[in-house]
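Residue numbers (our numbering): 1176 to 1429.
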């Protein structure tokens, strides 16, 4: 059954108009009144009951689609461990791919990092548009993969700025456990990722820091280590900037 993100407050028995993006998708699929769909709020606001709702199309307009919200299902498909990704911004469409696949793998949040070696430097209106675009990519990935919680894509920031904001990327309010901080690095003295997290029994959140093409600069890595990030490795092969954090996510969440 087609799934759609609907940021409106969902409740069984309510009738509502789908947001423009979802309405266009319903029309492209040529759904008709009486056809069923699945709606989820996404978990990004107060009053979200979580899970997902059955819904039935009741009206197809030229540009609007009205649905009747049906039964609620308390289904969550989140990873057992919350992993917050602080990822160096990659060039071209690679960041889109990273956001999409990280969402599928269960990332809890993504902070695009404006690193010293980032080819793409974002600020101002251009940055706002990119963040909105990446958030939309995360929404679409949730619709596809079955997640009912949309990971937040935070504003782009440099590492020093992020470190001055200790609450950014932290665990959720209901889980105040301090996240384990891990830094993907090629420097001597790194330990394998599984070894670094082996003693972290249970579901302690993780903050995972990785760089753009070319990696983080030595100064950025030194700063991260000074702030409690433990250098880890994924093995003997050097992975691309958009592949490495996904490999780490798979190891941490699957």
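Here a beta-carbon is modelled for each residue, glycine too, at the ideal position from N, C-alpha and C.
In the structure shown, the three-state DSSP call for residue 1263 is strand.
Per DSSP, the beta bridge partners of residue 1178 are 1213.
A direct Cα-Cα distance of roughly 34 Å separates residue 1366 from residue 1323. For residue 1190, the uninterrupted beta strand (DSSP E) run begins and ends at 1190 to 1192, by DSSP.
Residue 1406 counts as buried, since at least 16 other C-beta atoms from the protein chains shown sit within 10 angstroms of its C-beta.
Excluding five sequence positions before and after residue 1249, the CB atoms of its chain that fall closer than 6 Å to its own CB belong to 1226, given in chain order. In the DSSP assignment, no residue is bridged to residue 1392.
Approximately 6 Å separates the beta-carbon atoms of residue 1329 and residue 1284; this is inside 8 Å, confirming the contact. In this structure, 1228 is the residue among 1265, 1228, 1205 with its C-alpha nearest to the C-alpha of residue 1213. Cβ neighbours of residue 1239 within its own chain (closer than 8 Å, five residues either side excluded): 1192, 1193, 1198. Given a length threshold of 3 residues, each whole run of the beta strand (DSSP E) inside the segment 1258 to 1343 is given here in chain order: 1258 to 1263, 1284 to 1288. Per DSSP, residue 1245 is one residue of the beta strand (DSSP E) stretching across 1240 to 1248. Between residue 1178 and residue 1319, the C-beta spacing is below 9 Å. With fewer than 16 other CB atoms across the displayed protein chains lying within 10 angstroms of its CB, residue 1234 is exposed.
Within the same chain, Cβ atoms closer than 7 Å to the Cβ of residue 1310 are found at 1328, the five residues on either side in sequence being excluded. Distances from the CA of residue 1269 to each of 1325, 1418, 1259, 1304 were compared; the closest alpha carbon is that of 1418.
For residue 1378, the CB contacts under 6 Å within the same chain, skipping 5 residues up- and downstream, are 1255, 1256 in chain order. For residue 1227, the three-state secondary structure derived from DSSP is strand. Counting C-beta pairs with one atom in each stretch, the segment 1381 to 1397 and the segment 1356 to 1363 have three or more that are closer than 8 Å, which means they touch.
By the 16-neighbour rule on beta-carbons within 10 angstroms, residue 1421 is buried.
In this chain, the beta strand (DSSP E) harbouring residue 1406 covers 1405 to 1408.
Residue environment analysis places residue 1409 among the buried positions, since at least 16 neighbouring C-beta atoms fall within 10 angstroms of its C-beta. The alpha-carbon of residue 1190 is positioned some 36 Å away from that of residue 1273. Residue 1368 carries a helical assignment under DSSP once its states are collapsed to helix, strand and coil. For residue 1385, the beta-bridge partners assigned by DSSP are 1262.
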